[in-house]
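Just so it is clear: in the sequence shown, position 75 is 75 by UniProt numbering, and no numbers are missing.
Positions of the beta carbon are idealized from the N, C-alpha and C atoms, including for glycine.
One structure is given here, and the rest of the page talks about it.
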Amino acid sequence: MKLQEIIRNNYKFAGIAAASFLIDEEMKNYVEEYDVLDTPKEILDGKAVLRRYHNKGAFLNFGEQKQKLVTLLSVLLTAAVLVVFVLTLGMRGKKLLKAGLSLLLGGAFSNTYDRVMREYVVDYVSLKTGIAAIDRVVFNLADLCILIGTMAVVLGT
Numbered sequence: 001m002k003l004q005e006i007i008r009n010n011y012k013f014a015g016i017a018a019a020s021f022l023i024d025e026e027m028k029n030y031v032e033e034y035d036v037l038d039t040p041k042e043i044l045d046g047k048a049v050l051r052r053y054h055n056k057g058a059f060l061n062f063g064e065q066k067q068k069l070v071t072l073l074s075v076l077l078t079a080a081v082l083v084v085f086v087l088t089l090g091m092r093g094k095k096l097l098k099a100g101l102s103l104l105l106g107g108a109f110s111n112t113y114d115r116v117m118r119e120y121v122v123d124y125v126s127l128k129t130g131i132a133a134i135d136r137v138v139f140n141l142a143d144l145c146i147l148i149g150t151m152a153v154v155l156g157t
């Protein structure tokens, strides 16, 4: 497949990755900018809460005592996903795989960017389910993109 054909057939997947990154970073900047978010605000008819949380580790603060290692692993894993993403663009079809990698890449870039630039990841949403263990988890759009992207990659492989 020629480079022009690859670009013409796959620009939307790069757009998904870029949009995932940009929307999440805009939300993180909003959350960081407004002190009012120090007090949680119910959203989505009370089904979710908008709040600010600085995650200095990985998922559920895992590794917060080893921030540099978490950042290094984040950079390396994001680079690996980028390589796989670029390699799949030359494949015909595989739209679910490409879409999944796009979401995964956009989310990974956003959280990795935070780890490098802020030294923490800005999380800002939690769900209200009535189950304490779930209600305490605070996440961001990038985390959701990573989760959905991973599921799509598994289904699209």
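Contact between the region 98-108 and the region 19-30 (3+ Cβ pairs under 8 Å): yes
Cut-off 8 Å between Cβ atoms - residues of its own chain near N140, not counting five sequence neighbours on either side: The beta carbon of N140 sits closer than 8 Å to those of D24, M27, K28, S110, N111, V121, V122, D123, Y124, V125, all from its chain and outside the five residues before and after it, given in chain order.
Simplified DSSP state of R136, which is helix, strand or coil: coil
Candidates G93, L77, Y53, A48: closest to E5 by CA position: G93
Spatially closest choice to residue 184 from D143, A142, Q67, by CA coordinates: Within the shown structure, residues of the chain are numbered from 1 to 157, placing residue 184 beyond reach of any answer.
Short Cβ contact (7 Å threshold) for V49 with P40: yes
Element boundaries [alpha helix (DSSP H), containing E26]: 3-33
Distance CB(T150)-CB(L97) smaller than 7 Å: no
Beta-carbon separation (whole angstroms), D135 vs L147, contact threshold 8 Å: Actually they are not in contact, since the Cβ atoms of D135 and L147 sit about 18 Å apart, beyond 8 Å.
Straight-line Cα distance separating V137 from I43: 16 Å
Beta-ladder partner(s) of A48, from DSSP: I43, L127
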